[in-house]
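S.K.: Okay, here's the structure, questions in a sec.
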Amino acid sequence: MDGELLEGQLAYYKARAEEYDEWFLRQGRYDRGPEWNRRWFAELEEVHRELGRFGPTGRVLELACGTGLWTLDLARHAAGVTAVDASPEVLEINRARLRKAGHETSVRYVEADLFDWRPDAAYDTVFFGFWLSHVPPERFEAFWDLVRHALKPGGRVFFVDSVGPETPDERERRSRGPQDHTTTRWLNDGREFRIVKIFYDPATLERRLADLGWRLSVMRTKERHLLYGFGESLARTAP
Ligand SMILES: C[S@@+](CC[C@H](N)C(=O)[O-])C[C@H]1O[C@@H](n2cnc3c(N)ncnc32)[C@H](O)[C@@H]1O
Numbered sequence: 001m002d003g004e005l006l007e008g009q010l011a012y013y014k015a016r017a018e019e020y021d022e023w024f025l026r027q028g029r030y031d032r033g034p035e036w037n038r039r040w041f042a043e044l045e046e047v048h049r050e051l052g053r054f055g056p057t058g059r060v061l062e063l064a065c066g067t068g069l070w071t072l073d074l075a076r077h078a079a080g081v082t083a084v085d086a087s088p089e090v091l092e093i094n095r096a097r098l099r100k101a102g103h104e105t106s107v108r109y110v111e112a113d114l115f116d117w118r119p120d121a122a123y124d125t126v127f128f129g130f131w132l133s134h135v136p137p138e139r140f141e142a143f144w145d146l147v148r149h150a151l152k153p154g155g156r157v158f159f160v161d162s163v164g165p166e167t168p169d170e171r172e173r174r175s176r177g178p179q180d181h182t183t184t185r186w187l188n189d190g191r192e193f194r195i196v197k198i199f200y201d202p203a204t205l206e207r208r209l210a211d212l213g214w215r216l217s218v219m220r221t222k223e224r225h226l227l228y229g230f231g232e233s234l235a236r237t238a239p
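Here the UniProt record's numbering is used: the first residue of the sequence shown is 1, the next is one more, and so on.
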C-alpha cells in the first residue's frame, strides 16, 4: 500500500510550507538564472491568462490549495472559493496572503486529506495546481471521480502541472527504474523526503481522461515547462 508514501509526501509539504514559495518565485536554490526564470514567469503568466479566459466564476473548489498562489487568482474571479489542503501550515500562509489582498472573506478553508474526503457541495469549477502529478497512479481514477462528484451538472475543471523534470538531476533521483513514480525531494535544511511525482504527456492524458468520460483539452505552455487542461465531464457518474 502507498499509505507510508502519502504520509511522507504530506509531511514534506507541511515541513516545506514556509519555503514553498521560493520554488514558485525562483528564489534561493530554485533561481535558475535570468533567462530560465524569465521563461518560467512567462509560462506562469500564460497559464494565468488561460485561466482568466476560462473564467473560474461562481462557486469554485480548489484542491490542494497550498500557500494561495492560485487561490488569489481564483478569488478574483469567483463568487466564493472553497480551498482544501491537508496542511494547516500552508492554509495559514494562504489565509494571510488572501487577507493581505483583501479577499479573505470570499474563501472558505477546509483542512482535509484529499485521499479521504468527499465534496460537501456542488461547484461550478474545480481547480488544482501542481497536484495531479502527486496522485499515485493507482488512485488516478478515484481522484477524477472525486472531481466529477464535486461538480454541478455542466461544471468545469481547470488544472496546471509540470510537464517534466526541471533539471537533469531530478531524473537521476528516480533511481528505482523507469516505472518509478516517486522522486526524492529535500528541504533547505537538508531533510529528505520521498514523494509521488508523475509527468504526463498532454495528448496521452487527454485520451486517458476521454476514456473516463471527460472532454478536456490538455496542452503545454509555449516554453514547454507547464501543462494545463480544462473542460468538463460528459457523465455525472463514472462510465
Ligand atoms: C505541489 S503543492 C501545490 C500547492 C498549490 N496548489 C500550488 O500550486 O501552489 C501540493 C499541495 O498538496 C498538499 N497535500 C499533500 N498531500 C495532501 C493530501 N493527502 N490531501 C490534501 N492536500 C495534500 C500539500 O500540503 C501542498 O499544499
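Note that the Cβ used here is the ideal one computed from N, Cα and C, for glycine as well.
1. So, for G68: in the same chain, excluding its five sequence neighbours on each side, which residues have a beta-carbon less than 7 Å away from its beta-carbon?
2. Quick one: what does DSSP say P239 is sitting in, helix, strand or coil?
3. How is T105 classed by DSSP in three states: helix, strand or coil?
4. Using only alpha-carbon positions, find the residue among A142, D161 and E89 that is nearest to I198.
5. If we count the other Cβ atoms within 10 Å of its Cβ and call it buried at 16 or more, is E4 buried or exposed?
6. Our contact map puts T125 next to G58 with C-beta atoms below 8 Å; I'd like the distance itself, whole angstroms only.
7. I'd like to know whether the C-beta atoms of F127 and G8 end up nearer to each other than 9 Å.
8. What residues in its chain sit with their C-beta under 8 Å from that of R191, if we drop five residues either side in the sequence?
9. Could you check if E62 belongs to the surroundings of ligand 1, using beta carbon to heavy atom distance under 8 Å?
10. Taking 8 Å as the cut-off, is the CB of G129 close to at least one heavy atom of ligand 1?
11. Are there any heavy atoms of ligand 1 lying less than 8 Å away from the beta-carbon of W70, as far as the coordinates show?
12. Is G66 near ligand 1 - that is, is its Cβ less than 8 Å away from at least one heavy atom of it?
13. Quick one, are the C-beta atoms of D6 and P136 less than 9 Å apart?
14. Is L209 buried or exposed, if buried means 16 or more other CB atoms sit within 10 Å of its CB?
15. P88: buried (16+ other C-beta within 10 angstroms of its C-beta) or exposed?
M.R.: On the basis of the coordinates in this document:
1. Around G68: I93, N94, R97 and L98.
2. Confidence at P239 is low in this model, with a pLDDT of 41, below 50, so the placement of that residue should be treated as unreliable; the coordinate-derived value is given next. Coil.
3. helix
4. Nearest of A142, D161 and E89 to I198, Cα basis: D161.
5. By the neighbour-count rule (16 or more Cβ atoms within 10 Å), E4 is not buried but exposed.
6. Contact holds; Cβ gap of about 7 Å.
7. no
8. Spatial neighbours of R191 in its own chain (CB-CB distance under 8 Å, excluding positions within 5 residues in sequence) are listed in chain order as A15.
9. yes
10. yes
11. At least one heavy atom of ligand 1 sits closer than 8 Å to the Cβ of W70.
12. Yes; taking the cut-off as 8 Å, the Cβ of G66 has a heavy atom of ligand 1 nearer than that.
13. For the record, residue 6 in the displayed sequence is Leu; it is not Asp. Their beta carbons are under 9 Å apart, which means L6 touches P136 by this criterion.
14. buried
15. P88 should be labelled exposed.
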